[in-house]
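Enquirer:
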Amino acid sequence: MVGAFDYAPAIVLLPFLSFLVALAGGKYLPKGGAFGGIAATAGSLLLSVWVFLTVSGGETHNDTLYTWVAGVSEETVSLELGLLLDPLSAMMLIIVSLVALLVHVFSLGYMNDEGETGLPRYYAGLGLFTASMLGFVVADNLLMAFMFFELVGLCSYLLIGFWFRQEGPPSAAKKAFLVTRFGDYFFLVGVVAVFATFGTAAFAGPDSFPHIAELAMPGGESPDGAVNTFGFDPRTWFTIVGLLVLGGVVGKSAQFPLHTWLPDAMEGPTPVSALIHAATMVAAGVYLVARMYGFYALSPTALAIIAFIGGFTALFAATMGVVKREIKQVLAYSTISQYGYMMLGLGAGGYVAATFHLMTHAFFKALLFLGAGSVIIAMHHNENMWDMGGLKEKMPVTYYTFLSGSLALAGIVPFAGFWSKDEVLYEALVHGLGGSTLLLGAYAMGLVAVFFTGFYTFRMVFLTFHGEPRTETARDPHGVRWNVKGPLVVLGVLAATAGLVNMTPVAEMLGMPGIELLHKWLAHGGIEMTTSEHYVTLLEEQADYHATHLSPLVPGLVSLGLALAGAGLAHVLYNVPSPERHTDKLGAIKTLWYNNYYQDELQVWLADGVVRPLARAADKFDQGVVDGVVDGVSSVSLFAGGRVRRIQTGIVSNYAALLTLGLTALVLVFGIMGGWFV
Amino acid sequence: MIIEALIAVTFVAALVVFVAPDEVAGRLAAALSVLPVLGSLYMWSSYDAAGNALTGGSVAFETMVPWLELGGYTLHWHVGVDGISMPLVVMTTILTSLAIFSAWTPIDDRQSQFYGLFLFMEANLLGVFMALDFFVWFIFWEAVLVPMYFLIGIWGGPRRKYAAIKFFVYTNIASLVMFIGFAALVFGLGDSVSSFDLPAISRALRGGELGSLYGVSAETLKAVAFVAMFLGFAVKVPIVPFHTWLPDAHVEAPTPASVVLAGVLLKMGTYALLRFNFTMMPDQATAFAVPIAAVAVLSVIYGAILALAQQDLKRIVAYSSVSSMGYVILGLIAYNTYGVGGATFQMIAHGLISGLMFMGVGVIYNTTHTRMVGDMSGMADRMPVTTGIFVAGAFGYMGLPLMAGFAGEFFIFKGAFASTVHASMPLFTAASMFGIVIVAGYLLFAMQRTLFGPFRLDTDYEVTTAALHETVPMFVLLLCIIALGVDPGLFFRMIQDAVNPLVGGGLP
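Those protein sequences? They're chains P and C, same order as listed.
Just so you know, we're using my numbering here: the first sequence kicks off at 1 and counts up by one.
Just so you know, we're using my numbering here: the second sequence kicks off at 1001 and counts up by one.
1. I need the straight-line Cα distance from residue 460/P to residue 379/P, nearest angstrom please.
2. Cα separation between residue 1172/C and residue 1138/C?
3. Does the beta carbon of residue 70/P sit closer than 9 Å to a beta carbon anywhere in chain C?
4. Per the DSSP calculation, residue 765/P is bridged to which residue(s)?
5. Given this structure, state the Cα-to-Cα distance separating residue 344/P from residue 436/P, to the nearest angstrom.
6. Apart from the five residues on each side of it in sequence, which residues of its chain come closer than 7 Å, Cβ to Cβ, to residue 41/P?
7. Which runs of the alpha helix (DSSP H) fall wholly inside the region 30-77 of chain P and span at least 4 residues, in chain order?
8. Do residue 277/P and residue 369/P have their CB atoms nearer than 9 Å?
9. Less than 8 Å between the CB atoms is what I'm expecting for residue 1255/C and residue 1362/C, so what's the real figure, rounded?
10. List the endpoints of the continuous beta strand (DSSP E) containing residue 1063/C.
11. Quick one: what's got a C-beta closer than 6 Å to residue 569/P's C-beta in the same chain, skipping five residues either side?
12. Output the boundary residues of the beta strand (DSSP E) element that contains residue 1075/C.
13. Just how far apart, CA to CA, sit residue 477/P and residue 377/P?
14. So for residue 1506/C, helix, strand or coil by DSSP?
15. Which value, in whole angstroms, describes the spacing of the CA atoms of residue 341/P and residue 269/P?
16. From the DSSP secondary-structure annotation, give me the bridge partner or partners of residue 1457/C.
17. Bridge partners of residue 517/P, per DSSP?
18. Please classify residue 226/P: does DSSP put it in a helix, a strand, or coil?
19. Any beta carbon of chain C sitting closer than 9 Å to that of residue 75/P?
20. Short of 6 Å in beta carbon distance, which residues of its chain neighbour residue 531/P, apart from the five on each side in sequence? Order them along the chain.
21. Tell me residue 1020/C's beta-bridge partners as DSSP assigns them.
22. Go ahead and pull the three-state DSSP assignment for residue 112/P.
23. Report the three-state DSSP secondary structure of residue 383/P (helix, strand or coil).
24. State buried or exposed for residue 53/P, treating a residue as buried only when at least 16 other CB atoms are found within 10 Å of its CB.
25. Quick test of the definition: if touching needs 3 or more C-beta pairs under 8 Å, does the region 221-230 of chain P touch the region 245-259 of chain P?
26. Residue 272/P touches chain C at which residues, Cβ-Cβ below 9 Å?
27. Do you know offhand how far residue 401/P's Cα is from residue 272/P's?
28. State the DSSP-derived secondary structure class of residue 79/P, mapped to helix, strand or coil.
29. Residues of the region 501-528 of chain P with a CB closer than 7 Å to any CB of chain C: list them in chain order, please.
30. Which class does residue 1213/C belong to by DSSP, given the choice of helix, strand or coil?
31. Does the Cβ of residue 1501/C have 16 or more other Cβ atoms within 10 Å, making it buried, or fewer, making it exposed?
32. Where does residue 1497/C sit, in a helix, a strand or coil, going by DSSP?
33. Less than 9 Å separating the beta-carbons of residue 176/P and residue 360/P?
34. So, is residue 1311/C buried or exposed, given that buried needs 16 or more other C-beta atoms within 10 angstroms?
35. Do residue 86/P and residue 112/P have their CB atoms nearer than 9 Å?
36. Spell out the partners DSSP gives residue 1131/C in its beta bridges.
In structure tokens form, the structure reads like this:
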């Protein structure tokens, strides 16, 4: 019988088709090819739902679809592309295709209605972006994941640099690709190392590399030396490989220190920002760690590093979000910070918690960006929050949906972000208390960041929507249509309710573990060895992660209290008719935060102050010394020197004739000697 | 006989074009250049050989007739193709034909001679890749230099004479060094071979039949010959530090010549390294693994850093070729299926991609009359199609998956990391891979400054959109690059088949 899995390749191919259509014929299509994109992503969404339902019936799919490179001899490894459809990827497919569909619809309002040119290029880019991300999500091996990871990077380049006639966007696009490429370098070394170590890069199944790694651990079933660990003991080598792959994750998911591309990427059109931040590029990094969690679970060192990068990034980015003036900049830093939480969750042994946060964040961050886009349309493309104020009455739909997203971002009960962020922190706490004390440091950073998050989120809300309008534009904003409001409403509802699928504290309180649907979803029915249950076992056996039993209520109340405190402070300071620039009182700290800890200056200095002079010096050396020797040898030699002089003053065709004659003569002599012409 | 026909048709086409009037020479050459393309595609489609031509595998379209006797050695007219040479032949005909189309705009002087020399060069290049007798091979090998010398020296830029002579003398001296090395080997083999037949020599050398020569032990002789031949071919590739002729030649050469110079002529060096050094003396290759891997890494990183410093678009692409050829060397020294096979695949991939990049630079130059990064900005506004193809090509160069460059580089990295020739190979591999970051750096910076931003041009020319005969060849190349990226097996299957016997059966 033909089932959902037979149609699953179309999930990726439909948006790809819309890319081709928009690229080739967008000029002749209404709305620059937008409808093709909408139809394609809607189709992907429907098929994803079908796949989701099939997976929830207990079926999974893990099979090769296309042999990219076939090994001719038996011993040569074939490189394949295939589909891995299990609870994790089925869930992610719905998130990606839903957000992509809403972004396409929203673009009608943001791009078409605003009279932008170059729409076919825009919709082609969106289509390819969606297709690449969907391809990444269903990838059944690390090489395929890398390939689509790179295509995602290309699409971000094309879309961030969409307005190529200005100075800013091409520069931001270049930075995004280059910084993430730096991370991808480590990723690619990791891919190659995985092949060299295991001879396969498959994610799931008995012949998958996480499973082979598991068996090769001390005490595992494989004999010593079953895999090539390059002279290291297995755990050390797997840690190294895991950290190499993590390089790509840090780049794409904008974790410290490779986060600097993300705020610049705001130069792209706002719907693209929504897509990048919520469901595609940035999500790809975290998703990859979740996808191969069975491998990371073998290495406590790698996990601790992931947790610390995450905790630090969550706090670090949140502080910068406090002082930004532009609405999209605040959101950009909030994205970095929120992905920090996901990394913290993964590193702390909270596989389900991190995946949960990935899902809720996708909804509320897409919502916030689209809401910001709606505000930007209304403000005639002015993004400075200090020029806004009082938009609440003028645009109620945008306001209430944006508020829903903000409550979720700040982590206020019962909005989606509360449940997921709380669970991430809870996992860090219980595993920290359970013996992995290092995690407590990461937990502390994450906890402090909650306060900052509450503050900057509501500072943004109050400055944008509350108080008196501070400019003419804010007094008389540009209206938005259904194509903007529709996606906002859908996401607004999701941001409010998506957290209900996994209310761990409530389940604990009522003694009803049955309502933790996501836990059940990721634990049940998956492919053996990629279920969350197996990961818990692995964490305990291999990484020595043990959860203390602790009621989730108290930690939940603590983080809720901090979020409310942050939001409350913002309320006191900014929810007034004419707010002042209170952050100025921070003095030097504000300058430091506003300038992003001078991270960008550091990178510019690296490029202009180190790499460029180095390249110029190398060029001088090459011209002067390496080539100088060549020229020197030729001019020292009298014979060569004389010949060069003669040719340089003579006529080239003379030399031509000589050469040709000489060659002909040579061939003739040999020909006659060999009796060719007899 | 198809090989003889292919070479002969190309020679005749060269002659016909040479005597044709200038006005029609371009069109005539383009039309005639399609014949070798069809011929090579026919060969490719009916290719049925298996194994490596030099280690006893079957050879496709083989001809072997005694030609003449020379000092006790029989010279044969011996030609044929196997899985390593077949893809190179196809790439040569396609790239040359497309380069001829792209020459219509820039070449406005002595056209019949230009196109005649161009086709003459193609015929010799085909000969290099299909010859299986050293003597025949060497004639073609040397004869390639002559037309290229004139193409640079007559139709080149301001310093064309310096560049042409540097190219000619440098590579010729290198050929001499190589020739001496090879001759020593043949004499060292003594009575075990009585011809310059490459398969016979290869089998004898691999079979350990090398004897001492004038009191020099077989081992020393082999090592010296290996080094001499390696140095000789290294200039051609070029491998750092023998690369300095290349940027000069590229900058001065007319763009269509650059296309073939980077696309095909450089591959002569790597092809010969594979056929001679790595096929005939695998033990020496392994013994020299560390220094060779080191120069490979040096070529990749140093070449890329030099590309970073350049302001001339053509120089950027020229140095990037040095970098890409470093990968090929790394793949060869890895000495396993993915390494050597990847190196061969990368020869094709780089040929197509660098050809596309040079064409792109040429199209921009034709309308702006400058190649300096600082002289222009925002060309995308005026030349959208060219920009689109250029950007696609640049990402191909950066190794974007599903394009040929990624396949080639990934095979090499995969092979080299897992290579067993020396314990340090993973480190060399990881070091050379950093080239993928630097290449993104210089290409993205160059594109940002020339193609994007507000439109500005510092020369007094009206920017016009490119003609069809300029964009269509680029588009065709792009399609080839994508086709090979999506299905590398188009070539990689026969490449593996020819490489496996070298590296001792299939290896992971």
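C-beta atoms are modelled at their ideal positions from N, C-alpha and C, and glycine is treated no differently.
Since the structure is predicted, the reported quantities are computational estimates derived from the model, not experimental observations.
Expert: So, from the listed chains and residues:
1. Here residue 460/P is taken as the residue at index 460 of the first sequence, counted from 1. Here residue 379/P is taken as the residue at index 379 of the first sequence, counted from 1. Roughly 15 Å between the two C-alpha positions.
2. On the second sequence, residue 1172/C is found 172 positions in, with the first residue counted as 1. On the second sequence, residue 1138/C is found 138 positions in, with the first residue counted as 1. Cα to Cα, the separation comes out at about 12 Å.
3. Position 70 of the first sequence, counted from the first residue, corresponds to residue 70/P. So yes, residue 70/P belongs to the interface.
4. With chain P covering only 1 through 678, there is no way to say anything about residue 765/P.
5. On the first sequence, residue 344/P is found 344 positions in, with the first residue counted as 1. On the first sequence, residue 436/P is found 436 positions in, with the first residue counted as 1. Each residue's alpha carbon lies about 14 Å from the other.
6. Indexing the first sequence from 1 puts residue 41/P at position 41. So the list reads 15, 97, 100, 101, 104, 130, once near-sequence residues are dropped.
7. Runs found: 34-56.
8. In the first sequence, residue 277/P corresponds to position 277, counting from 1. In the first sequence, residue 369/P corresponds to position 369, counting from 1. Result yes, Cβ atoms of residue 277/P and residue 369/P sit closer than 9 Å.
9. Residue numbering aside, residue 1255/C sits at position 255 when the second sequence is read from its first letter. Residue numbering aside, residue 1362/C sits at position 362 when the second sequence is read from its first letter. The Cβ separation is near 3 Å, so the contact holds.
10. Stepping through the second sequence from its first residue, residue 1063/C is reached at position 63. Start and end: 1060-1070.
11. For this step, residue 569/P is matched to residue 569 along the first sequence. Contacts found: 455.
12. Position 75 of the second sequence, counted from the start, is the residue given in the question as residue 1075/C. Where residue 1075/C is concerned, the enclosing beta strand (DSSP E) stretches over 1073-1081.
13. Taking the first residue of the first sequence as position 1, residue 477/P is located at position 477. Taking the first residue of the first sequence as position 1, residue 377/P is located at position 377. So the two alpha carbons sit approximately 8 Å from each other.
14. By 1-based counting over the second sequence, the position of residue 1506/C is 506. Reliability of the predicted coordinates at residue 1506/C is poor, the pLDDT of 43 falling under 50, and the value obtained from them is presented with this limitation in mind. Coil, per DSSP.
15. If you number the first sequence from 1, residue 341/P lands on position 341. If you number the first sequence from 1, residue 269/P lands on position 269. Rounded to the nearest angstrom, the two C-alpha atoms are 26 Å apart.
16. What you label residue 1457/C is simply residue 457 of the second sequence in a count that begins at 1. Per DSSP, 1376/C.
17. If you number the first sequence from 1, residue 517/P lands on position 517. According to DSSP, residue 517/P shares a beta bridge with no other residue.
18. To locate residue 226/P, count along the first sequence from 1; it is residue 226. The answer is coil: DSSP assigns residue 226/P none of H, G, I, E or B.
19. Position 75 of the first sequence, counted from the first residue, corresponds to residue 75/P. Interface criterion met: the Cβ of residue 75/P is under 9 Å from a Cβ in chain C.
20. Your numbering for residue 531/P matches position 531 in the first sequence. 523.
21. Taking the second sequence and counting its residues from 1, the one referred to as residue 1020/C is at position 20. Listed as beta-bridge partners of residue 1020/C by DSSP are no residues whatsoever.
22. Position 112 of the first sequence, counted from the start, is the residue given in the question as residue 112/P. The answer is helix: DSSP assigns residue 112/P an H, G or I state.
23. Indexing the first sequence from 1 puts residue 383/P at position 383. Coil at residue 383/P, not helix or strand.
24. Mapped onto the first sequence, residue 53/P falls at position 53. Burial call: exposed.
25. no
26. The sequence position of residue 272/P within the first sequence is 272, counting from 1. The contacting residues do not exist; residue 272/P stays about 17 Å from chain C at best.
27. Mapped onto the first sequence, residue 401/P falls at position 401. Mapped onto the first sequence, residue 272/P falls at position 272. In this model, residue 401/P and residue 272/P are separated by some 19 Å (Cα to Cα).
28. Numbered from its first residue, the first sequence carries residue 79/P at position 79. Of the three classes helix, strand and coil, the one that applies to residue 79/P here is strand, per DSSP.
29. Residues: none.
30. Looking up residue 1213/C in the second sequence gives position 213. Strand.
31. By 1-based counting over the second sequence, the position of residue 1501/C is 501. That one is buried.
32. Here residue 1497/C is taken as the residue at index 497 of the second sequence, counted from 1. Reduced to three states, the DSSP call for residue 1497/C is helix.
33. As a first step, residue 176/P must be located in the first sequence, where it is residue number 176. As a first step, residue 360/P must be located in the first sequence, where it is residue number 360. Result no, Cβ atoms of residue 176/P and residue 360/P do not sit closer than 9 Å.
34. Taking the first residue of the second sequence as position 1, residue 1311/C is located at position 311. Residue 1311/C counts as exposed, since fewer than 16 other beta carbons sit within 10 angstroms of its beta carbon.
35. Looking up residue 86/P in the first sequence gives position 86. Looking up residue 112/P in the first sequence gives position 112. Taking 9 Å as the Cβ cut-off, residue 86/P and residue 112/P do not qualify as a contacting pair.
36. For this step, residue 1131/C is matched to residue 131 along the second sequence. Bridge partners of residue 1131/C: 1079/C.
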